[in-house]
Structure formats: C-alpha cells, structure tokens
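Going down the list, the sequences are from chains A and B. Note that the first sequence covers residues 1 to 328 in full-length UniProt numbering. Note that the second sequence covers residues 1 to 258 in full-length UniProt numbering. Positions of the beta carbon are idealized from the N, C-alpha and C atoms, including for glycine. Input: a single structure, listed below in structure tokens.
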Amino acid sequence: MTTTAPPPTTPEPHRVARTVSRPGDRIFAGMARGSGILLLIVMAAIALFLTVRAVSAISKDHGNFLTTFEWTPSLNPPVFGIAVLAYGTVVSSVIAMAIAVPIAIGIALFITHYAPRRLGGPIAYVIDLLAAVPSIVYGLWGALFLVPHLRGVNLWLDDYFGWTYIFHKQDPNSAARSLFTVGILLAIMILPIITNVSREVINQVPKMHEEAALALGATRWEVIRLSVLPFARSGIISASMLGLGRALGETMAVATVLSASPVLSARILDPVGGTFSQNIVAKFGEADDFGRDALIASGLVLFLITLLVNGAARMIIQRRKEYSGANA
Amino acid sequence: MAKRIDISGLSAYYSAFKAIDDISMTIEPGSVTAFIGPSGCGKSTFLRTLNRMHEVTPGGRVEGKVLLDDENLYGSGVDPVTVRRTVGMVFQRPNPFPTMSIYDNVAAGLKLNGVRRKNELDAIVEKSLTGANLWNEVKDRLNKPGSGLSGGQQQRLCIARAIAVEPQVLLMDEPCSALDPISTLAIEDLIGELKTRFTIVIVTHNMQQAARVSDRTAFFNLSAVGQPGRLIEIDDTERIFSNPSVQATEDYISGRFG
C-alpha cells in the first residue's frame, strides 16, 4: 500500500541556528500551561473546601454519619446520616441504568446498522432533542404526568411481582412518588448521552472488522456480536458511566418527583427515601451554617461515590485492553 | 470440494456509477487465477461480486450471473449469507477479530455454522492452522489475542479462519500488499498448497506474484477515469506474461503504463 519515498537527492545544507523563541509559541504555551494549572487549583480548592467543612460537621454529629437515617442537624445535639440518601441515590441510578443502557445500545445499533439512512439521521436528531430538555421540565413532566400514570403500572407490578418483595407496595393507594418512578425518569434523562456516545463508538468500528465477519457468512446480528459489540464494548461502558454520573447527581427532576422521607425501604415502589442532591436542594434554603456544613458533607460522599464509579469503569476498560480494538 | 465459477455478463454499480462492465469468464476448479490491472480498474469490485460482498457497500448493485457449479449466486431466493459460507475471503489488511483469541478467531466461522463440540472444534482449529502454516508458531499461545501476532502471522490467521469452514472458493484481495517480503513468500507458498483443496482467486498489484502463484491471469483495464473497468483478456499465466494477445496487456506487464 505504501511505497517508500526515494531518499532526497540534494540534502539540505546544514545551518547552525539557535531555536528562535517566537511570541506566538510563548503565548500559546503559557496559555496551555496556565489552563492546566488552573484546573489543578480549582480541583484542589473544591476538594479542600468540601473536606474542611465536611469534617467540621461530621465531628459534631451525634449520630453515626454513615448509618443514621434521619437528617436533623438542627436538633440539639445534631443527628444526621447518609444511609437513606446513599441507598436512594444508588438504587434510583441502578434502576435508571438497567432501563436506559439496553435501550440506548438498541437505539445506537438501530441507527448505525438497521435503519435506512433516511431514517437514522432524524432519529439521532430526536435523541439529541431529549438531551436539550432542561431537567426541571423533566421533573414537572414526571410529577404531573408520570406519577399519576404509573399508578396502574405499580398496581400491576405489585399484583404479579409483589412476591419478590422488591415490587411489593406497602400502601397500594399511595402516589407513585417512589425511587422506581425516579429511576424511570432518570433513565429517560440519561438515554441521550448513552445513545449518542455509543453511536459514535459503534460508528468507529473499522469497516474491515465487520467485513471479516460478513465474509465468514455472518448474519447482521452475528456481525454485531462478533465485531461491533466487542470492539465498541469499552466505549459503551464509558458511555454508560457518563450516564450513571448524570443519574447519580441529578437534582431537580428527583426533588420534584420523589416524596422524600427518612425511610429506607427495599420496596422500590414505596413513596419514601431520598437522594444526596435531592436532600441538599430540599434542605439548603432553611439550613443554618451548621446545617449547610452537614449538607456539604453529604455532597462530599456523593463526590466520592462518583469517583468510585468512574474508577471501577476505568478498571473494567483497562482489564480488557489487551483484547481491545485499540491495538489492532 | 473446489468448484468451477462461471461468470457471464456481470456488471457492478456503486449507485449510478458503473464500476465494471459486462464481464464474462470461467474459473476452473482447483486452479489459482490472478486478477491484475491498474488501480481503479474494478478488479477488487469484481472479486467482491463473487461472494456477494459488493452489495454490502451502500449503493452497491450487481447485474449478471455468477454460476458456482451451475448454481447462480444471484438467483432469486439465494441467501448472501449462505453464499459467503461457501466462498471465503481474505482481505488486503489482516483483520483478525481484535477482541478474540487466536483459537476463537479460527473457530468463529465454525461456531456460526453451529459447530459446538469442543473436540470437534479443537481438531478443525488445529487442521486449519496447520493448513495455513501457522500451527507451529502459535500452538503454545492459542488463547492469546490474535491482534498480538505479526502482520504476516495475522494474515495467515485470517486464511486459517477462512479455510476452517471448508469453503469451495477462496477469494484473496491483495493479501500480501501490507506484508514484508518474507511474509509474502510464506503466503505465496501457502497458496500453492491450498489450491489442491480450493478454487483460488487472487487480486494482486504485484505482477511477479501473479506470475509466481497463478495458473491463469486476467488483465483488467479502464479506458479512462470515470469509465467502467473491463476484462481485457484472460489466459494461461505463462502466455499472458510471455505472449499476450492484446497489446494493452503487454504494455501493462512490461511497465509501459500503470
């Protein structure tokens, strides 16, 4: 494919010249360096701020910060803990992922491999539109439309899957302001990012890998299974983690829908529970200085959970690196 | 096992553009046929019509007939997936599945065909790798990724993968153009061994290679850029390289153009 170029016949005459430092270079290097350093400073400042305020709050906590259900820093002595919040955050995000990831991969594959080109473009555009909807609008839609309409779904789940306990609803007449509803709402909200990133990654699967499968007599699904998904796997994991990051931190939509209360229930249809960001936005306005510090402590935990999730994702990607398409 | 290919009146299109025009030829079973010609003359496109890979390209369309021992590959009701299981293909760039081990690469086609039993798979994988002259080099690391091999080894792995499903025809699209001379030699030797079992068609830009490996040689050309490619002549390789019947062939072979 490549031909070696003939060696240059007349070599450049050697000139002894010092590297001239040009102003453009200097300015650009300075800007690049400055941006890098600024990022580090901002990160350090945030981490320091969170840690200092959080530690001062936690040290005055008379409950166990990790296992206490209630969030009452205004009591004397103050008692507050993150058990309900951590549980609610993780459960609602897991529900969201369980719903969104398969659908997103399906949409991405449909756009790239099944839809005729005339259809793929418009679908991708509509998915982009989903990402443009502000989260408070999702929250309003969730509270005014999803909550009343999910009532029947909840009853059905309770009827047929109540025996799993997870889908058992303690009070069948209570509104569907539950972690389950929040999970569905979050799933819709994180669908665009997962779909779009997955689509990009799937589009980057080299044609020659797909042809390798095709030439062996693979059907369309087999091509996807043999060449597309393995190649795109780490990218799809990254896409899902981006979505998970958004689901973990989502505030307004959750705060609008969830009927928060300091109860930790394995029954995901019960209208109880809370999440970190929902709790912060709900309590911040009326909190005194100490209450704010306590909320910051919960924010720090959310930050750590997100960090942990990202780390885990990186590990998954790293472990399969030898087999990834990157070194093909 | 090896089958005769009869092509008649075959034209291929990319949307409105006609890439090859009205090609007819017969390829004998168990022979090696080389396609030569300048870039853009449609020889790769033609090759890809022989296992219905051309139509995978958006806008790709074919007219005409390709008979594989009397069965028309383009007949109505013929599944292209089945065609590709009988007509194997090796590409220009080695393309083992990067996420699979050497073993799984060779077994991939077999698994598509529903071979599941471990000892059966083991036997065919060994036979195919041996057939591709790769067994001795990889037998101790069958579970290592195929993408870790050298370019020449990867290409032989691709050949092993293609022959594992026992196709009747093996198409090779410039299989050595990304390889160094030693690896090229290994592949050429392999082609000589494989032709007893398969009908082989090879596209090559390397005329010495065509002269070395093939029994018959077909020369393709196009009258101008934007015009469809045509088959100028096909004849015994010896004759094409010593005394071709068309002047353009001689000009091309002797390096007067192209």
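Give me the Cβ distance between residue i and residue j, rounded to the nearest whole Å; I'm assuming they're in contact under 8 Å.
i, j, result
"B:ASP6", "B:LEU47", "In fact, because the Cβ distance is near 16 Å, the residues do not count as touching under 8 Å."
"A:ALA239", "A:MET97", "A:ALA239 to A:MET97, Cβ: 11 Å. No contact."
"A:GLY273", "A:LEU295", "About 17 Å separates the two Cβ atoms, so there is no contact after all."
"A:ALA100", "A:GLY249", "Not really, about 15 Å apart at Cβ, beyond 8 Å."
"A:ASP293", "A:SER56", "6 Å"
"B:PRO181", "B:ILE202", "With a Cβ gap of about 17 Å, B:PRO181 and B:ILE202 do not count as contacting."
"A:GLY217", "B:THR57", "In fact, because the Cβ distance is near 18 Å, the residues do not count as touching under 8 Å."
"A:VAL182", "A:VAL254", "5 Å"
Give me the chain A residues within the contact set of residue i, using Cβ-Cβ distance strictly less than 9 Å, ordered along the chain.
i, result
"B:ALA132", "What B:ALA132 touches in chain A: nothing, since even the nearest Cβ is about 15 Å away."
"B:PHE91", "MET208, GLU211, ALA212 and ALA215"
"B:ARG84", "LEU214, ALA215, LEU216, GLY217 and ALA218"
"B:VAL165", "LEU216 and GLY217"
"residue 273 of chain B", "For chain B, the structure presents residues 1 to 258; residue 273 of chain B sits outside this window and is missing."
Any idea if residue i is buried or exposed, counting beta-carbon neighbours within 10 angstroms, 16 or more meaning buried?
i, result
"A:TRP71", "buried"
"B:MET100", "buried"
"B:ASP140", "exposed"
"A:GLY325", "Confidence in A:GLY325 is poor, its pLDDT being 48 and thus under 50, which makes the residue's placement too unreliable to answer from."
"A:ALA215", "buried"
"B:GLY146", "buried"
"A:PHE49", "exposed"
"B:GLU120", "exposed"
"residue 294 of chain B", "Since the displayed chain B opens at 1 and closes at 258, residue 294 of chain B lies outside it and no answer follows."
"A:VAL20", "exposed"
"A:HIS209", "buried"
"A:ASN154", "buried"
"B:ASN143", "exposed"
"A:ALA47", "exposed"
"A:SER277", "buried"
"A:PRO23", "exposed"
"A:MET31", "exposed"
"B:THR199", "buried"
"A:ASN327", "Because the pLDDT of A:ASN327 is 42, which lies under 50, any placement of that residue in the model is unreliable, and the number read from its coordinates should be weighed accordingly. A:ASN327 should be labelled exposed."
"B:ASN243", "exposed"
"B:ASP173", "buried"
"A:LYS283", "buried"
"A:ASP159", "exposed"
"A:HIS149", "exposed"
"B:TYR252", "buried"
Could you list which residues in chain B have their beta carbon closer than 7 Å to that of residue i, in chain order?
i, result
"A:LEU85", "What A:LEU85 touches in chain B: nothing, since even the nearest Cβ is about 39 Å away."
"A:THR219", "VAL81"
In chain A, what lies closer than 8 Å to residue i by C-beta?
i, result
"B:ALA108", "ALA213, LEU216 and LEU226"
"B:VAL56", "GLU211 and LEU214"
"B:ASN243", "Neighbours of B:ASN243 on chain A: none; closest Cβ ~30 Å, over 8 Å."
"B:GLY88", "ALA215 and LEU216"
"B:ARG61", "Those within 8 Å of B:ARG61 in chain A number zero; the least Cβ separation is about 16 Å."
Measuring alpha carbon to alpha carbon, tell me which residue in the options is nearest residue i.
i, options, result
"B:VAL213", "B:TYR14, B:PHE241, B:GLY229 and B:ALA224", "B:PHE241"
"B:ASP69", "B:ILE20, B:MET172, B:THR33 and B:ALA2", "B:ALA2"
"A:SER234", "A:ARG26, A:ILE107, A:LEU304 and A:ILE202", "A:ILE202"
"B:ALA160", "B:TRP135, B:THR49 and B:LYS18", "B:TRP135"
"A:PHE110", "A:LEU244, A:PRO172, A:LEU85 and A:VAL228", "A:VAL228"
"A:LEU302", "A:LEU144, A:GLU286, A:ALA282 and A:THR275", "A:THR275"
"A:VAL94", "A:ARG225, A:LEU185, A:VAL281 and A:PRO122", "A:LEU185"
"B:GLU137", "B:SER177, B:ALA123 and B:GLY152", "B:GLY152"
"A:LEU304", "A:ASN279, A:GLY245, A:VAL254 and A:ASP270", "A:GLY245"
"B:THR204", "B:SER24, B:LEU129, B:THR26 and B:SER39", "B:SER39"
"B:ALA224", "B:LEU10, B:GLY9 and B:ALA19", "B:ALA19"
"residue 331 of chain A", "A:SER265, A:MET241, A:ILE237 and A:VAL147", "Since the first residue of chain A shown is 1 and the last is 328, residue 331 of chain A is not available in this structure."
"B:GLY229", "B:MET207, B:ILE23 and B:MET53", "B:ILE23"
"A:ILE236", "A:ILE105, A:LEU226 and A:VAL84", "A:ILE105"
"residue 275 of chain B", "B:LYS195, B:THR237 and B:ALA210", "Nothing can be reported for residue 275 of chain B: it is not among the residues displayed for chain B, which extend from 1 to 258."
"B:VAL165", "B:ASP235, B:ILE27, B:LEU50 and B:VAL125", "B:VAL125"
Using the beta-carbon of each residue, which ones in chain B are nearer than 8 Å to residue i?
i, result
"A:PRO230", "PHE97, PRO98, THR99 and MET100"
"A:GLU222", "LEU112"
Note down, in chain order, every chain A residue with its Cβ under 7 Å from the Cβ of residue i.
i, result
"B:ASN51", "ALA215"
"B:ARG197", "Under the 7 Å cutoff, chain A gives no residues; its nearest Cβ is about 18 Å from B:ARG197."
Check your understanding: Are at least three pairs of beta-carbons, each pair with one atom in the stretch 30-44 of chain B and one in the stretch 213-233 of chain B, less than 8 Å apart?
Key -> yes
Check your understanding: How about the stretch 10-28 of chain B and the stretch 307-319 of chain A: do they share at least three Cβ pairs that are nearer than 8 Å?
Key -> no
Review point. Are the stretch 110-122 of chain B and the stretch 65-80 of chain B touching, with three or more C-beta to C-beta distances below 8 Å?
Key: no
Check your understanding: Would the stretch 148-168 of chain B and the stretch 78-90 of chain B be scored as touching if the rule is three or more Cβ pairs under 8 Å?
Key -> yes
Check your understanding: Is the number of C-beta pairs between the stretch 77-84 of chain A and the stretch 58-66 of chain A that are closer than 8 Å three or more?
Key -> yes
Check your understanding: Okay, do the stretch 136-149 of chain A and the stretch 102-109 of chain A touch, 3+ Cβ pairs below 8 Å being the bar?
Key -> no
Review point. Pairing CB atoms from the stretch 111-129 of chain A with CB atoms from the stretch 187-198 of chain A, are three or more of them under 8 Å?
Key: yes
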